[in-house]
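Here is the structure we will look at, set down as C-alpha cells.
Protein chains: 2
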Amino acid sequence: MRAEIISVGTELLLGQIANTDAQFISRELAAIGIGTYYHTVVGDNWDRVVDAIAKADERCDVVIMTGGLGPTDDDLTKEALCHYLGLEMVRHQKSYDSLIKRFGSLNKPMSENNLKQVLFPECATVLDNDFGTAPGMLYEREDGKIFAALPGPPFELCPMFTNYALPILRAKTGKVLKSNVLRIYGIGESSAEMLVKDILREQTNPTVAPLLGNGDITFRITAMADNDEEAERLIAPVRRSLYERLGQYIYGEDDDTPEKVLVRELIAKGLTIATAESCSGGLIASRITDVSGSSAVFNEGFVTYANEAKMKHLGVKKETLDEFGAVSEQTAREMVTGLIAATGSDVAVAVTGIAGPTGGTPQKPVGLVYVGVAVRDDHGIRVNVTKNNFIGPRDKIKFNTATTAIINALKMINGKL
Amino acid sequence: MRAEIISVGTELLLGQIANTDAQFISRELAAIGIGTYYHTVVGDNWDRVVDAIAKADERCDVVIMTGGLGPTDDDLTKEALCHYLGLEMVRHQKSYDSLIKRFGSLNKPMSENNLKQVLFPECATVLDNDFGTAPGMLYEREDGKIFAALPGPPFELCPMFTNYALPILRAKTGKVLKSNVLRIYGIGESSAEMLVKDILREQTNPTVAPLLGNGDITFRITAMADNDEEAERLIAPVRRSLYERLGQYIYGEDDDTPEKVLVRELIAKGLTIATAESCSGGLIASRITDVSGSSAVFNEGFVTYANEAKMKHLGVKKETLDEFGAVSEQTAREMVTGLIAATGSDVAVAVTGIAGPTGGTPQKPVGLVYVGVAVRDDHGIRVNVTKNNFIGPRDKIKFNTATTAIINALKMINGKL
Numbered sequence: 001m002r003a004e005i006i007s008v009g010t011e012l013l014l015g016q017i018a019n020t021d022a023q024f025i026s027r028e029l030a031a032i033g034i035g036t037y038y039h040t041v042v043g044d045n046w047d048r049v050v051d052a053i054a055k056a057d058e059r060c061d062v063v064i065m066t067g068g069l070g071p072t073d074d075d076l077t078k079e080a081l082c083h084y085l086g087l088e089m090v091r092h093q094k095s096y097d098s099l100i101k102r103f104g105s106l107n108k109p110m111s112e113n114n115l116k117q118v119l120f121p122e123c124a125t126v127l128d129n130d131f132g133t134a135p136g137m138l139y140e141r142e143d144g145k146i147f148a149a150l151p152g153p154p155f156e157l158c159p160m161f162t163n164y165a166l167p168i169l170r171a172k173t174g175k176v177l178k179s180n181v182l183r184i185y186g187i188g189e190s191s192a193e194m195l196v197k198d199i200l201r202e203q204t205n206p207t208v209a210p211l212l213g214n215g216d217i218t219f220r221i222t223a224m225a226d227n228d229e230e231a232e233r234l235i236a237p238v239r240r241s242l243y244e245r246l247g248q249y250i251y252g253e254d255d256d257t258p259e260k261v262l263v264r265e266l267i268a269k270g271l272t273i274a275t276a277e278s279c280s281g282g283l284i285a286s287r288i289t290d291v292s293g294s295s296a297v298f299n300e301g302f303v304t305y306a307n308e309a310k311m312k313h314l315g316v317k318k319e320t321l322d323e324f325g326a327v328s329e330q331t332a333r334e335m336v337t338g339l340i341a342a343t344g345s346d347v348a349v350a351v352t353g354i355a356g357p358t359g360g361t362p363q364k365p366v367g368l369v370y371v372g373v374a375v376r377d378d379h380g381i382r383v384n385v386t387k388n389n390f391i392g393p394r395d396k397i398k399f400n401t402a403t404t405a406i407i408n409a410l411k412m413i414n415g416k417l
Numbered sequence: 001m002r003a004e005i006i007s008v009g010t011e012l013l014l015g016q017i018a019n020t021d022a023q024f025i026s027r028e029l030a031a032i033g034i035g036t037y038y039h040t041v042v043g044d045n046w047d048r049v050v051d052a053i054a055k056a057d058e059r060c061d062v063v064i065m066t067g068g069l070g071p072t073d074d075d076l077t078k079e080a081l082c083h084y085l086g087l088e089m090v091r092h093q094k095s096y097d098s099l100i101k102r103f104g105s106l107n108k109p110m111s112e113n114n115l116k117q118v119l120f121p122e123c124a125t126v127l128d129n130d131f132g133t134a135p136g137m138l139y140e141r142e143d144g145k146i147f148a149a150l151p152g153p154p155f156e157l158c159p160m161f162t163n164y165a166l167p168i169l170r171a172k173t174g175k176v177l178k179s180n181v182l183r184i185y186g187i188g189e190s191s192a193e194m195l196v197k198d199i200l201r202e203q204t205n206p207t208v209a210p211l212l213g214n215g216d217i218t219f220r221i222t223a224m225a226d227n228d229e230e231a232e233r234l235i236a237p238v239r240r241s242l243y244e245r246l247g248q249y250i251y252g253e254d255d256d257t258p259e260k261v262l263v264r265e266l267i268a269k270g271l272t273i274a275t276a277e278s279c280s281g282g283l284i285a286s287r288i289t290d291v292s293g294s295s296a297v298f299n300e301g302f303v304t305y306a307n308e309a310k311m312k313h314l315g316v317k318k319e320t321l322d323e324f325g326a327v328s329e330q331t332a333r334e335m336v337t338g339l340i341a342a343t344g345s346d347v348a349v350a351v352t353g354i355a356g357p358t359g360g361t362p363q364k365p366v367g368l369v370y371v372g373v374a375v376r377d378d379h380g381i382r383v384n385v386t387k388n389n390f391i392g393p394r395d396k397i398k399f400n401t402a403t404t405a406i407i408n409a410l411k412m413i414n415g416k417l
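Protein chains in written order, with the working numbering: chain Y, 1 to 417; chain L, 1 to 417.
In C-alpha cells, the structure reads:
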C-alpha cells in the first residue's frame, strides 16, 4: 500500500510552521508497513485542494489529509474531499452533541460556523477529536482505497491518528515494520558507506538506509514481516555484518545520543565526571546534564574562557600558556589533568579551541580544537588529547567539539582510546 | 511569481526528519514577495523525481529542489533536474579545486563518489557551499522560469540560499517585503494578543502576525512596498503602537535572542559576567557563549550540581544548605553574591532548581527554580532572586530557566528589575 499525505494550510506555505504532521504520520505508517510516497502541501484553495486529491488518488492507495477542518470559511478540506468522492454530508449526531456539551462547559458562545465541523458523510467513520472541536473522518471506497481528513494542530492530530485511524489501517495491512538504528561517529558519510556498500546494495528485506544526523551518521535497518519475532530474525544477521565492518565507530543504537550512552556507562561503572570548557562554553556540561539521572555522575563543570580561570581552577601553568598559547595540546593536557586533581573525579574532559567566527590565525584557524580526556584508575591517570579541525559556523563547531569530547570520554572509559 | 519547493529524500517520507528546509525557503521567498504554492516531497527515485519536476514546471515559475546532492548513488536530484532540462553536466573547476582542498585540509581520503558533486551544466550558476562538499545550482531557462537545486542539511542549505540564491531571485521580483519582528518574554501569548487585539485586526499593509516562539512570543510586522523606504514608512507607526502597549515585555527585535541582547548590552556598558548553574547544567553559559564576541564579557562559569561545589567555589554556607536546602531562595542568593566575590565580575547569574523528571517533592516540585542575579556597581551589590515554577520536560525546564536568567540579568543591568 502506497500512501500520500496532503497537508492543507497557508501557514505551511508561508513557512510559519514546519510540516510536523506529515512527519508524524509518515513515521506511524512506516511502522505498520505502509510506505509514504509523497507529501504534498497546498494552500486553502478549493481548486488546488481538489486537484491534489485527484493526483493522490491516481498514484496512491491511502490518502491522508491534514488541516483545514476548522470552523472558518478558509477551512475546506473535508468539503473538498467529500465533493471529490461524491459524498453528501449530514449532521453527525454524536459529534453534534459533544460539540454542544464542549461549548457549554467552556462557557463560550458557539458560532454558526462551528456547526460545519460536525457534518460528515453517513458512510464515513468519524474520528473523535479528544482535544479540539473538529472531528476527523476516514472513508474506504469500494475499490479499497482509503481517504482520511484529520485536523492540523499536532496535539489534536497525533492522538486522533494513533488512537482512531491507525488501528483501522493496521487491520488492513497485517504487517509489521521494525527498525534498528545504528549510530556512528568519527567517520565520514561516504567513507562509512564505502565500507558497507555491498550490504547496502544487496538488501531488500531488511533494507539498510544511511542518514546524516546531527554531526553523526545513522544506519537504519528496517524489516517488514508478519510479526515482531520474524522481523527481528531478519534484522539480526545484517546488524551483525554492520557491526563487523563499522563496530569501532558505532557508539549506540536507536534513540541513543552520545551523552545518554556516556551517562549510562558512567553509572554502570560507578564513575564520576567533571568538565572544563573553553570554546564549547558549557555545552558539554549542558548536554551531559540533559540526561535524566546525570546528577549521580556529574561532579562539577567549569567554563574557563579566560586564562586566569584556567590557571586558578585547573592549575594550568602560566609558562604553558605563554609558551604554547591557550589553544594548544599542552594546555589541553594540563587542563584535563588539573581538573582530575581539582575535583577528584574519575573522568575529566577539557577542551580548548577557537569557535569563531573571529579569533583565528593562519597557525590556529577557526575550528582548531584540542579535546582532552583523562581517566583515573588504580594504575594512575591516562590522558588522551586529540587535535581537531572542525568546519562550519560557531554553533556547529561548539556542537562537534562537545560530541567529540563526549565520544572520546566514552571510548576512554571503555578502553577503546 | 509562483514557487514550488520539491524536497527529495526518503528520510522525509519515513518521518525521520521534518521538512524544515521547505519552511525556511517559503519564509524567505515570502519576504521578497514570491508566493509558495506547493511543497512536494518525493523519495530518492528517478522517475518520481522527474515526474515531480515536470508537474512543478507546469504550475509554477520558480522550482526549488532540496536534498539529494550528496555523494552516494541515492543522491540523484541534480542529475534528474539536468536530465529534465536537457542540460549536460561537466566538471566545474572552481568547485573541484575547493573539494580537493577541503579533503586535503581534513586529512581524509576523498572517495570517487565525491566527484559527482562538482559536475554542473555550463549555463547554470553554481552556488557555493560554505559548510559542506555539495555546491548547489540555479538555472534560468529561456522562458524566465527558474530551477534550483540545493543541499538538504539545513546548516548547508540556509546560508547557501540566503547568500547566493536569494539575491538572484530578489533581483527578478522588483517588490520588497520587509518585516520587523518584536520579541517578547514574560507574558502569555493570549494575554499579549488581548493587549493588541485591535491593532491585529485593523492592519492589512503592514500585517501583524503573532507567533509562539521557543519560550518567547514574536509579533511580526510585514509591509509590501516598491522599495525599502516606503516599507519602513508603513511599518513605523504600527511598531510604535506595539511598543506603547507591550514595551515592558519587548526584549529585542528581528534576529535577537535574549543572549545576543545581553552580550550586546554587556559590551556596550563594559561589564563582565559570570554564571553558576545547578539545574540548568551549563546551558546559560553555553547560550551566552553561543554569541560571537562573548569572550570579551564572559568571565567564567561553574556548573555546581553538588553541594560541595557550591560551597567550595561560591562560598555557600553549609548551614544555609542544611537549613533551607540547595533549592531555596537563600542558596540562590548566596550563590550569586559568592559568585561576584569569587570572580570579580560585574554581573553574576546563579540558578538552583529541579529539572526533573525525578527529584521533586510536594514542597519542592519538579520545575521549581530560583533564579538569582547580582550586579555590582559603585553603590554596592544589588541582588534579585525570583521563584519560578516551570512546566514541561527536562529540556524545556532547562531552557526556560536559562531564558529567565538571561532576561533577568538584562533587566537588572538596564535598571528594570
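C-beta: ideal position from N, C-alpha, C; glycine also.
Keep in mind that this is a model prediction, so the values were computed, not measured.
Contact check for residue 289 of chain Y and residue 281 of chain L: beta-carbon distance about 3 Å, within the 8 Å limit, so the pair qualifies. Residue 325 of chain Y and residue 300 of chain L have their alpha carbons spaced roughly 18 Å apart. Buried is the label assigned to residue 161 of chain Y, since at least 16 other Cβ atoms lie within 10 Å of its Cβ.
Residue nearest to residue 25 of chain L within the set L:389, L:88, L:227 and L:65 is L:65 (criterion: CA-CA distance). Out of L:169, L:136 and L:139, the CA that lies nearest to the CA of residue 35 of chain L is found in L:169. L:157 is the residue among L:157, L:89, L:86 and L:78 whose C-alpha sits nearest the C-alpha of residue 20 of chain L.
Following the DSSP letters along the chain, one finds residue 372 of chain Y inside the beta strand (DSSP E) bounded by residues 368-377. Sequence-distant partners of residue 285 of chain L (beyond 5 residues in either direction) whose C-beta falls short of 6 Å from its own C-beta, in its chain, are 275 and 301. For the region 364-393 of chain Y, the beta-carbon criterion of a distance under 8 Å to any beta-carbon of chain L is satisfied by 389, 391, 392 and 393.
The CB of residue 38 of chain Y comes closer than 9 Å to the CB of 13, 40, 41, 42, 43, 48 and 52 in chain L, given here in chain order. Below 8 Å, too few C-beta pairs join the region 79-90 of chain Y and the region 166-186 of chain Y to call them touching: fewer than three.
By a beta-carbon distance limit of 8 Å, residue 23 of chain L contacts residue 15 of chain Y. Their separation comes to about 5 Å. If only complete runs of 4 or more residues are kept, the region 25-92 of chain Y shows the alpha helix (DSSP H) at 46-59 and 77-85, in order along the chain. Taking one beta carbon from each stretch, the region 94-107 of chain Y and the region 65-75 of chain Y have fewer than 3 pairs nearer than 8 Å; the two do not touch. Your pair residue 358 of chain L and residue 335 of chain L does not check out as a contact, with CB atoms roughly 23 Å apart and the cut at 8 Å. Inter-residue distance for residue 164 of chain L and residue 136 of chain L is about 9 Å (C-alpha atoms, whole angstroms).
Here the C-alpha atom of residue 323 of chain Y lies approximately 18 Å from the C-alpha atom of residue 312 of chain Y.
At a cut-off of 8 Å between beta carbons, residue 282 of chain L contacts chain Y.
DSSP, read as helix, strand or coil, puts residue 110 of chain L in coil. Contact annotation, residue 8 of chain Y with residue 62 of chain Y: C-beta distance approximately 17 Å; criterion of less than 8 Å not satisfied.
Setting aside the 5 residues that flank it on each side, residue 28 of chain Y is surrounded in the same chain by 161, 162 and 166, each with a C-beta closer than 8 Å to its C-beta; the list follows chain order. Check the Cα spacing between residue 185 of chain L and each of L:217, L:195 and L:178: the tightest is with L:217. Contact check for residue 417 of chain Y and residue 384 of chain Y: beta-carbon distance about 5 Å, within the 8 Å limit, so the pair qualifies. A direct Cα-to-Cα measurement between residue 147 of chain Y and residue 18 of chain Y gives close to 23 Å.
Straight through space, the alpha carbons of residue 369 of chain L and residue 318 of chain Y are spaced by roughly 38 Å.
Fully contained in the region 92-162 of chain Y are the following beta strand (DSSP E) runs of length 3 or more, in chain order: 125-127, 136-140 and 146-150.
In this structure, residue 259 of chain L lies near residue 406 of chain L, with their beta-carbon atoms less than 8 Å apart.
Its chain contains 369, 371 and 404 as the residues whose beta carbon lies nearer than 7 Å to that of residue 388 of chain Y, once the 5 sequence neighbours on both sides are disregarded; these appear in chain order.
Under the criterion of beta carbons closer than 8 Å, residue 47 of chain Y and residue 10 of chain Y do not qualify as touching, at roughly 15 Å. Residues of chain L whose Cβ lies closer than 8 Å to the Cβ of residue 77 of chain Y do not exist; the shortest such Cβ separation is about 16 Å. For residue 292 of chain L, there is no enclosing alpha helix (DSSP H), as DSSP marks it with neither H nor E. If you look at residue 351 of chain L, you'll find it in the beta strand (DSSP E) that goes 347-353. About 20 Å separates the CB atoms of residue 332 of chain Y and residue 394 of chain Y; that is not less than 8 Å, and the two are not in contact. In summary, residue 381 of chain Y is exposed, with fewer than 16 beta-carbon neighbours lying within 10 Å of its beta-carbon over all protein chains present. For residue 170 of chain Y, there are no neighbours in chain L by C-beta distance under 9 Å, as the nearest C-beta there is about 16 Å away. Residue 155 of chain Y is classed as exposed because its beta carbon has fewer than 16 other beta carbons within 10 Å across all chains shown.
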